[in-house]
Amino acid sequence: MLVILNIGIVLLTIVFMECLSWAIHKYLFHGVLWFMHKSHHEHNKSFFEWNDLFAFLFAGISLYLMFIEREDFGYRFFIGLGIGLYGIIYFIIHDWFVHRRFKTFKSNNTYLKAVRKAHKVHHKNMGKKDSRAFGLLFVRKKILAADKGE
């Protein structure tokens, strides 16, 4: 029973991280933290962006939570694990597949193509204001349909 609870904590943390990431992206990254996030909306010749520092912040939180409960594997360990797994998923889908920071990952999967399209809708506006589609994993059909009409 404890194993199922811990798996549930990890899965709920992943879902929560997607929701939290949407809010952070919309209200902080396109708000007071724009000075760092704008590097992600600009054309760069460098492999790294200032925006990449956010990944290190979340990785640090994940590792801290797992570290403090490394001996008894309490709920914080599994929350940290969920944050870390979300980070890996985010990296693979966002950085590797959508932005093609590594050129090895291609897919014709309908869901992944929708994720890529929604992110392109987000990047249509290169500025701080008037962006749409702040999430990554949950693709709203309304965003994709609205983009077809433009």
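Letter by letter, the sequence shown follows residues 1 to 150 of full-length UniProt numbering.
Every residue, glycine too, gets a C-beta built ideally from N, C-alpha and C.
Since the model is a prediction, treat every value here as computed from it, not as a measurement.
Query, Result
"Three-state secondary structure (DSSP) at Thr104?", "coil"
"Which of helix, strand or coil does DSSP assign to Gly8?", "helix"
"Can at least three beta-carbon pairs, one atom from the segment 76-83 and one from the segment 3-12, be found at a separation below 8 Å?", "yes"
"Is Arg70 helix, strand or coil by DSSP?", "coil"
"Would you mind stating whether Ala114 and Gly87 have Cβ atoms separated by less than 8 Å?", "no"
"Am I right that Gly18 and Leu136 are in contact with their C-beta atoms under 8 Å? What's the rounded C-beta distance?", "Note on residue identity: the sequence assigns Glu, not Gly, to residue 18. Confirmed, Cβ separation roughly 7 Å."
"In angstroms with no decimal places, state the Cα-to-Cα distance between Asn108 and Ile93.", "13 Å"
"Is it buried or exposed, Leu5, if we count other Cβ atoms within 10 angstroms and call 16 or more buried?", "exposed"
"Quick one: residues in its chain with C-beta nearer than 7 Å to the C-beta of residue 167, no 5 flanking neighbours on either side, listed in chain order?", "Outside the displayed span of the chain (1 to 150) sits residue 167, for which this structure offers no information."
"Going along the chain, which unbroken runs of the beta strand (DSSP E) with 3 or more residues stay wholly within the segment 31-72?", "none"
"Leaving out five residues before and five after Leu65 in sequence, what residues of the same chain have Cβ atoms less than 6 Å from its Cβ?", "Arg76, Ile79, Gly80"
"Does the distance from the C-beta atom of His37 to that of Phe47 stay below 8 Å?", "no"
"Mapping the DSSP letters down to three states, classify Val115 as helix, strand or coil.", "helix"
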